[in-house]
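Asks:
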Ligand SMILES: Cc1cc2nc3c(=O)[nH]c(=O)nc-3n(C[C@H](O)[C@H](O)[C@H](O)COP(=O)(O)OP(=O)(O)OC[C@H]3O[C@@H](n4cnc5c(N)ncnc54)[C@H](O)[C@@H]3O)c2cc1C
Ligand SMILES: Cc1cc2nc3c(=O)[nH]c(=O)nc-3n(C[C@H](O)[C@H](O)[C@H](O)COP(=O)(O)OP(=O)(O)OC[C@H]3O[C@@H](n4cnc5c(N)ncnc54)[C@H](O)[C@@H]3O)c2cc1C
Ligand SMILES: Cc1cc2nc3c(=O)[nH]c(=O)nc-3n(C[C@H](O)[C@H](O)[C@H](O)COP(=O)(O)O)c2cc1C
Ligand SMILES: Cc1cc2nc3c(=O)[nH]c(=O)nc-3n(C[C@H](O)[C@H](O)[C@H](O)COP(=O)(O)O)c2cc1C
Ligand code: FES
Ligand code: FES
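Residue numbers (the working numbering), protein chains in the order written: chain R, 63 to 336; chain D, 63 to 336; chain A, 312 to 615; chain G, 312 to 615.
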């Protein structure tokens, strides 16, 4: 199954509901179904007028078959500014413009690897689709979800792949849910007790605040574990034509600016100039 | 009862419903009640973002006492462009910004006059409040309402003051409701049979397309009937500080630019340079 | 503790940096029903000319994306009626106010400035050297350093009032024009005035403004205004008054951050007549939040 | 009957007046998944320099009211890779395409133009004399008639390709700059490039762009762009390509109405990758509706 060719689609909102304090889950219908790789995203707009002007990048949370050959797509988003606030004010039936699927998602490789999925804050929205795929493949994986406080963890029923004991670790910085502490520290503690062989078989898939990614990337690199980091950056187009979203990547001796929307959003963490 | 001092109010939509093909009727709650003169208006905005930027002028259709000392205000509007389309998309509970009451409304004078109220198109929204007041005063009045076609006449149940026989005349240009023809022609036919004494006792209160107002104003002037015309113009502020909304008025020998939002929107039709 | 919002524009001390922009605030009194107008740092009234002026024929305004075009053409009551009818009432209201002035010739500018000089309650004279909507004068002076020097120097000699020169953004290098105003005796420069723009109706095939072109204002121009204010602040030593698309306290703070000593709020007054006071209160709340006791601790503190 | 949309830019005939604007359309091929790129009047590719360029550090873009600022700094693959990898694929796709070029010195402009001259499939060279986001070259040439004359004249002698000169709006009198380009051999002028602007974060106290200033584009600038295109159309005889905030067919028609021979669509491609074709179809539908057989019957027909 390979991702669909990117397209611009006139969607329509089917559902757009608040969950907990800050998350919204939005489902839209599409003229045709889309296939996507976990980690791929969409550029979303739909509010009237030109202010805000630019569409917002959101990870594709789920995509499915609608009725009568139509497609559906789901997003989970946190209201942080004007665009997401506007999205949260849209109602079922309202139009939604979507360019999707975009970017390069996670490389879920082949057999024999062990995965740790790390989601900081709303970063879970990007790693859950990877968990869902790994669960379907019956691959070996664990998931680490962290947030500042209880209400900012994803509702448990959203967790893909069931919750076999020890599979999903939740933590909060204020200790109001799951274990107490930063997800970064918890992941690093777990790393510290890995054997060399275990580490070399490990691939971390992570999305979250840049500081979190950076710290985990450093720890993973020093252990020889693999890591794929899903980055965020401000975007104008989302499909590689404006060069607005670049990050510095190491390329041999030099560094070069690469587009988060096209060469990413998922990058090999060792190549990122953190 | 004199109109309230103008204010800027944070309203909230209570009701916003489509009627017929093109009219919406919107009710908003206000922190405090407002009193208004028929013909006065509000500057209305409330959509998020800066595009469109400017508020839209709408005649105050009704204003009342809400519960617990709060006020309510109603508008009737026709969707013609981006601002009114955005308004029509707002839902109960959404905020609405209002500056009101604005401008100089109809002068409903004292006793002994006979009124004809003329509303072309959505112009009825401006003359209905005058009809309501005249009905309360048991003054002598008739109303003439015209539109292009059936669906563009106001729903009958909105008509203020009941419909004593011969009080409300409806007409459409395509003959699909009421009598057949333009409201202008119907008013002019009725004028043609007035005696001089009747004409001199007549005051016409009119709102509608400029061509309609102009034709009726010419007829009224030649008969010696009075006429107050509610004008429209593009507005930025609505309360007299931008000088954007002027119309040319005759002032003795000269003409001068006067603000529709402040010296109007209701003008003595004889003074308007049509 | 209430943060100190007072700012100095040369010898003139204002209680806070929030003013209304000329042409968007009438003669100030129109806002009295909305709030106590003496709360503002200053009110800058609609541009005054020597004789009352009729302005341009309608249509005078058009909405554009996050902005508007106007071609009012400086309709105003003239300096005499301002002195007789308006100024006393502004004083009675306790308002601090400045007069924005305009002439078709340098002599007219001088005459208006002289006529206003005797008005003790007048805080400052702002010379509109940048109105894009009138055929003569206005922008012509604002377009070159030479024009600005000439105009500023002549008005400077005509009045002892604090003199602000209001600059046009329709130039290649606004900093050099500001420098010319500074060298010729301006006490402050205010910028930006509107950017010349145009709108047409593709169906009727006509320009939407009777004057064909007009001045663009509102949030759309904020990035351009902010850049120009930043450029000018790095060039001149006199205070800079930042104007252009300011709608919220954070907009105003942005201008202060790049170095403006004060701001003027224009188009925002139209959608929200409370804009100026809300901005004022927002600035105060922000300083409190950041535990800054004096606005001077924030102004010009853009980090590299 | 299908209206005739073909337009002439000097000796170059385009099948319709809708082009993509440089820097907003990649190298054109990126749009192939969305629609048949051969339908456009022309594709103008991202600005090419002699050597590949890294561009500015991030942040490179900021959203503003109805607009955006960019300070990409001309990251591009360089003219050699364009010739080797991109141009053949654009030809294979049947696309009409023009190269936007940029140099730090006049010699570099000449070198890029010479190198491209041999590319038979290249429709035109557009000289970016107006990029606000690079330290040298770029805007320096675009700021004065003398600079434009020099640059245009030299590139003119370096290539036999149709030559478009792209003008900066950051000037006091764009018509005189356009006239200088005309006199020095340009086949057309394209305008406007972005307006220099700035954005800061009042909390972090930092500029939002690493480059501090950037270029403003999008609907916010449309009124300014339209005015400048109108002014230039009244001044020069060579064709004018209108650019700035065009998002819909009616926007494009406005530019044609004031006299532009063709238009370029920039920022609109970001929100709606189908923008160019939707505009093309909208223009055709409008002409049909108005029963105009030829776009020439509409172009420049602004009523007084
Ligand atoms: C590939 C990708 C996938 C993402 N997936 C999700 C997701 O599934 N759920 C979710 O809640 N968020 C996600 N984000 C972050 C999301 O795009 C931002 O939160 C959102 O754009 C903020 O918009 P705003 O208007 O509410 O905030 P504002 O701060 O008002 O936005 C102003 C501008 O900054 C940009 N911006 C602000 N924050 C970010 C950010 N973190 N990343 C990118 N642009 C930003 C906006 O797009 C806009 O252009 C993703 C970002 C990227 C790049
Ligand atoms: C005093 C007054 C009272 C009014 N009362 C009513 C009413 O009760 N019900 C109703 O349906 N309409 C009323 N109108 C007309 C109403 O204001 C316009 O239909 C509305 O502004 C159109 O906005 P838009 O964004 O939908 O249209 P657009 O054409 O997209 O608007 C673009 C710009 O033009 C202005 N504009 C367009 N048409 C008009 C117009 N006819 N009058 C004033 N400005 C206009 C808009 O305000 C806006 O600034 C009134 C107008 C005035 C001046
Ligand atoms: C309707 C209107 C009228 C104006 N009249 C004047 C004027 O008389 N004198 C002047 O110097 N500026 C005038 N201006 C310019 C404003 O003072 C201000 O410089 C400009 O609008 C930019 O600020 P803003 O974006 O906050 O509106 C006017 C602006 C508008 C919108
Ligand atoms: C992200 C971005 C990159 C751009 N790069 C170039 C460029 O390389 N060369 C150039 O001449 N113009 C460049 N421009 C300017 C556009 O071609 C166009 O002139 C401008 O954006 C105004 O049009 P618009 O409002 O439709 O975007 C760029 C614009 C943007 C937004
Ligand atoms: S967002 Fe435009 S290139 Fe990535
Ligand atoms: S709308 Fe501003 S003066 Fe009338």
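Glycine included, each C-beta is placed from N, C-alpha and C at the ideal position.
1. Does any residue of chain R bring its CB to less than 8 Å from the CB of residue 435 of chain A?
2. Taking the alpha carbon of residue 530 of chain G as the point to measure from, which residue in R:111, R:97, R:266 has its own alpha carbon closest?
3. Count the other CB atoms, across all protein chains shown, that sit within 10 Å of the CB of residue 472 of chain A; report buried if there are 16 or more and exposed otherwise.
4. If you check the beta carbons only, do residue 255 of chain D and residue 278 of chain D fall under 8 Å apart?
5. Who does residue 234 of chain D pair with in a DSSP beta bridge?
6. Residue 298 of chain D versus chain A: which residues are under 7 Å apart at the beta carbon?
7. What whole-angstrom Cβ distance do residue 146 of chain D and residue 269 of chain D have, given they're in contact under 8 Å?
8. Which whole-angstrom value describes the C-beta separation of residue 516 of chain A and residue 612 of chain G, a residue pair presumed to lie in contact below a C-beta threshold of 8 Å?
9. List the residues of chain R that residue 110 of chain D touches, going by C-beta distances under 8 Å, in chain order.
10. With distance defined between alpha-carbon atoms, name the residue in A:564, A:548, A:403 nearest to residue 497 of chain A.
11. Less than 7 Å separating the Cβ of residue 300 of chain D from some heavy atom of ligand 3?
12. Please classify residue 614 of chain A as buried or exposed, where buried requires at least 16 other C-beta atoms within 10 Å of its C-beta.
13. Compute the minimum distance between the beta carbon of residue 520 of chain G and the heavy atoms of ligand 1, and state whether it is under 7 Å.
14. Ignoring anything shorter than 3 residues or poking outside the region 385–470 of chain G, list the beta strand (DSSP E) runs there in chain order.
15. May I ask you to report which of helix, strand or coil DSSP gives residue 576 of chain A?
16. Applying the criterion that 16 or more other CB atoms from any shown protein chain within 10 Å of the CB defines a buried residue, is residue 286 of chain R buried or exposed?
17. Find the nearest neighbour of residue 466 of chain G within the set G:562, G:413, G:502, judged by alpha-carbon distance.
18. Along the chain, which unbroken stretches of the beta strand (DSSP E) at least 3 residues long are found entirely within the region 534–581 of chain G?
19. Kindly indicate which three-state DSSP category residue 509 of chain A falls into: helix, strand or coil?
20. In chain order, what residues of the region 389–423 of chain G put their CB closer than 9 Å to some CB of chain D?
21. Counting only Cβ pairs nearer than 7 Å, list the residues of chain C close to residue 114 of chain D.
22. Give, in chain order, every residue of the region 115–131 of chain D whose Cβ lies closer than 9 Å to some Cβ of chain A.
23. Looking at chain G, is there any beta carbon in it that lies within less than 8 Å of the beta carbon of residue 304 of chain R?
24. Name all residues in chain order for which at least one heavy atom of ligand 1 lies closer than 5 Å to the residue's CB.
25. Figure out for me which residue from A:424, A:542, A:558 has the closest Cα to the Cα of residue 275 of chain A.
26. Which residues in the same chain as residue 504 of chain A place their Cβ atom closer than 8 Å to its Cβ, once the five residues preceding and following it in sequence are excluded?
27. When the Cα atoms are used, what is the spatial distance from residue 357 of chain G to residue 485 of chain A?
28. So what does DSSP say about residue 160 of chain R, is it helix, strand or coil?
29. Quick check: is the beta carbon of residue 560 of chain A nearer than 8 Å to any beta carbon in chain R?
30. Answer with yes or no whether the minimum CB distance from residue 159 of chain R to chain G is below 8 Å.
31. For residue 119 of chain D, does the three-state DSSP call read helix, strand or coil?
32. Are the Cβ atoms of residue 567 of chain G and residue 599 of chain G separated by less than 8 Å?
33. What does residue 376 of chain G touch in chain D if you count any residue whose Cβ is under 9 Å from its own?
34. Quick one: list the residues of chain R neighbouring residue 505 of chain G, beta-carbon separation under 7 Å, in chain order.
35. Quick check: is any heavy atom of ligand 4 less than 7 Å from the C-beta of residue 132 of chain D?
36. Any idea which residues DSSP pairs residue 105 of chain D with across the strands?
Replies: Reading off the structure:
1. Reading the third chain from its first residue, position 124 is the one you call residue 435 of chain A. With a threshold of 8 Å between beta carbons, residue 435 of chain A makes no contact with chain R.
2. By one-based count along the fourth chain, residue 530 of chain G stands at place 219. Nearest Cα to residue 530 of chain G within the set R:111, R:97, R:266: R:111.
3. On the third chain, residue 472 of chain A is found 161 positions in, with the first residue counted as 1. Residue 472 of chain A comes out buried.
4. For the purposes of this step, residue 255 of chain D is taken as the residue at position 193 of the second chain. For the purposes of this step, residue 278 of chain D is taken as the residue at position 216 of the second chain. No, these two residues do not count as a Cβ contact at 8 Å.
5. What you label residue 234 of chain D is simply residue 172 of the second chain in a count that begins at 1. Note: residue 234 of chain D is bridge-paired with D:209, D:242 in the DSSP secondary-structure output.
6. Counting from 1 along the second chain, the entry for residue 298 of chain D is found at position 236. Residues of chain A passing the Cβ test: 372, 379, 581.
7. Numbered from its first residue, the second chain carries residue 146 of chain D at position 84. Numbered from its first residue, the second chain carries residue 269 of chain D at position 207. Contact doesn't hold; Cβ gap of about 17 Å is too wide.
8. Locating residue 516 of chain A in the third chain gives position 205, where the first residue counts as 1. Locating residue 612 of chain G in the fourth chain gives position 301, where the first residue counts as 1. In this structure residue 516 of chain A is in contact with residue 612 of chain G, their Cβ atoms being roughly 6 Å apart against a cut-off of 8 Å.
9. On the second chain, residue 110 of chain D is found 48 positions in, with the first residue counted as 1. Those are 109, 144, 147, 148, 151, listed as they occur along chain R.
10. The sequence position of residue 497 of chain A within the third chain is 186, counting from 1. Closest in C-alpha terms to residue 497 of chain A, from the list A:564, A:548, A:403, comes A:548.
11. Locating residue 300 of chain D in the second chain gives position 238, counting from the first residue. Between ligand 3 and residue 300 of chain D, a heavy atom-to-CB distance of less than 7 Å is absent.
12. Numbered from 1 along the third chain, position 303 holds the residue referred to as residue 614 of chain A. Its Cβ having fewer than 16 others within 10 Å, residue 614 of chain A is exposed.
13. Working through the fourth chain from its first residue, we reach residue 520 of chain G at position 209. Result no, Cβ not under 7 Å from ligand 1.
14. As far as the region 385–470 of chain G is concerned, its whole beta strand (DSSP E) runs of at least 3 residues are 408–412, 433–439.
15. Along the third chain, read from residue 1 onward, the residue named residue 576 of chain A stands at position 265. Three-state DSSP puts residue 576 of chain A in a strand.
16. Taking the first residue of the first chain as 1, we reach residue 286 of chain R at position 224. Residue 286 of chain R is exposed by the Cβ-count criterion.
17. Locating residue 466 of chain G in the fourth chain gives position 155, counting from the first residue. Here the closest residue by C-alpha is G:413.
18. Whole beta strand (DSSP E) segments, 3+ residues: 551–554, 573–576.
19. Position 198 of the third chain holds residue 509 of chain A. Secondary structure at residue 509 of chain A: strand, using DSSP grouped into helix, strand and coil.
20. Result list empty, no residue passes.
21. You won't find chain C in this structure, because its protein chains are R, D, A and G.
22. Within the region 115–131 of chain D, contact with chain A at the beta-carbon level (separation under 9 Å) is assigned to 115, 116, 117.
23. Numbered from its first residue, the first chain carries residue 304 of chain R at position 242. With respect to chain G, the C-beta atom of residue 304 of chain R has a partner C-beta closer than 8 Å.
24. Taking a cut-off of 5 Å from the heavy atoms of ligand 1, the residues with a C-beta inside it are R:103, R:116, R:118, R:119, R:120, R:121, R:139, R:140, R:142, R:143, R:144, R:145, R:146, R:184, R:187, R:294, R:296, R:327, G:374.
25. Because chain A in this structure spans residues 312 to 615, residue 275 of chain A falls outside the shown range and cannot be described.
26. Residue 504 of chain A sits at position 193 when you count from the first residue of the third chain. Within the same chain, Cβ atoms closer than 8 Å to the Cβ of residue 504 of chain A are found at 439, 441, 442, 443, 453, 477, 478, 479, 480, 526, 554, the five residues on either side in sequence being excluded.
27. Counting from 1 along the fourth chain, the entry for residue 357 of chain G is found at position 46. Counting from 1 along the third chain, the entry for residue 485 of chain A is found at position 174. Taking the Cα positions, residue 357 of chain G is about 30 Å away from residue 485 of chain A.
28. The residue you call residue 160 of chain R lines up with position 98 of the first chain. The three-state secondary structure of residue 160 of chain R, taken from DSSP, is strand.
29. If you number the third chain from 1, residue 560 of chain A lands on position 249. No, residue 560 of chain A lies away from the interface with chain R (no Cβ there is under 8 Å from its Cβ).
30. Locating residue 159 of chain R in the first chain gives position 97, where the first residue counts as 1. At a cut-off of 8 Å between beta carbons, residue 159 of chain R contacts chain G.
31. Looking up residue 119 of chain D in the second chain gives position 57. Residue state, collapsed to three classes: strand.
32. In the fourth chain, residue 567 of chain G corresponds to position 256, counting from 1. In the fourth chain, residue 599 of chain G corresponds to position 288, counting from 1. No. Outside cutoff.
33. Taking the fourth chain and counting its residues from 1, the one referred to as residue 376 of chain G is at position 65. The contacting residues are 111, 112, 113, 115.
34. Within the fourth chain, numbered from 1, the residue matching residue 505 of chain G stands at position 194. Ordered by position in chain R, no residue passes the 7 Å Cβ test against residue 505 of chain G, which lies about 12 Å from the chain.
35. Position 70 of the second chain holds residue 132 of chain D. No, Cβ of residue 132 of chain D sits at least 7 Å from all heavy atoms of ligand 4.
36. Here residue 105 of chain D refers to the residue found at position 43 when the second chain is read from its first residue. DSSP lists D:119, D:161 as partners of residue 105 of chain D.
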